[in-house]
Each structure stands twice: as structure tokens, then as C-alpha cells.
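In UniProt numbering, the protein residues as written are 1 to 113. Below is one structure, written out as C-alpha cells, with a few remarks after it.
Right, dumping it as C-alpha cells:
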């Protein structure tokens with residue numbers, strides 16, 4: 001979440017810090033990390049909804065004969081995301097949600113009580 005400089009109707013409360021207002025950002029960069037496109041979404045909107053808008057907002061389409069790769073963060077770790085990238089014929093590097101061993105889960109439950 002980013003603090004909005006001018007406020008406006010899209011701003012709202014941050015879910016992690018209710019006192020601070022903010023808006024989510026979605027940045028598309030090239031292979032060297034240079035920003036190509038920046039989209040700002042309304043407050044309390046999920047990152048996965050900004051993913052399609054960010055991808056479709058590219059002004060220059062990729063060359064048809066090159067392989068496209070996209071790195072995503074945890075905000076896009078949802079079941080429907082791989083299907084979207086299959087439609088776009090792109091490969092992704094998105095880490096799956098880690099499965100914790102049973103011993104770690106039991107230790108967490110005991111410490112919470």
C-alpha cells in the first residue's frame with residue numbers, strides 16, 4: 001500500500017493499518033527492471049484483479065516469436081492465475097504456498113494457547 005498524494009475517491013483505509021489511508025500499485029517492468037507501466041488501483045482491492053489490467057495496459061505488444069516470462073509476488077498466488085498465463089502463452093515464476101510440517105503446526109498451536 002502506498003500513501004496517496006492527493007487523496008480522492010479511490011483511496012481508503014489500509015487493511016494492515018486502519019489509521020493510514022493508501023492505494024495498491026501494480027508495476028510492469030522490462031527484463032532489466034526498468035518500469036514500463038504503473039497502475040494504481042482503488043483501496044482494498046486485491047492484487048490479482050490488478051494483474052490483468054496491468055498486463056493489458058501495455059502499449060507495445062511483445063514480439064510473437066519471443067518467449068515471455070513474468071515474475072510475480074505473493075499477491076498473485078491464486079488458483080486462477082496459471083490459467084490466465086496459459087491463455088497469454090507466458091511462463092511464470094510464482095512460488096507455491098509452502099506446506100508446513102506437522103511438528104511446526106503443533107508447536108504453533110501450543111504457543112497460541
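Heads up, the beta-carbon is just placed ideally off N, CA and C, and yes, glycines get one too. Computed from a prediction, not measured in an experiment: that's the story for all the values here.
Residues that DSSP places opposite residue i in a beta bridge
i	result
residue 42	Its beta-bridge partners do not exist; DSSP assigns none.
residue 76	Answer is none; residue 76 lacks a bridge partner.
residue 35	29
Element boundaries [beta strand (DSSP E), containing residue i]
i	result
residue 28	25–29
Endpoints, alpha helix (DSSP H) assigned at residue i
i	result
residue 48	47–56
residue 166	A query on residue 166 cannot be resolved here, the shown segment of the chain reaching from 1 to 113 and no further.
Buried versus exposed, by CB contacts within 10 Å (16 or more), residue i
i	result
residue 71	exposed
residue 34	exposed
residue 23	buried
residue 51	buried
residue 29	exposed
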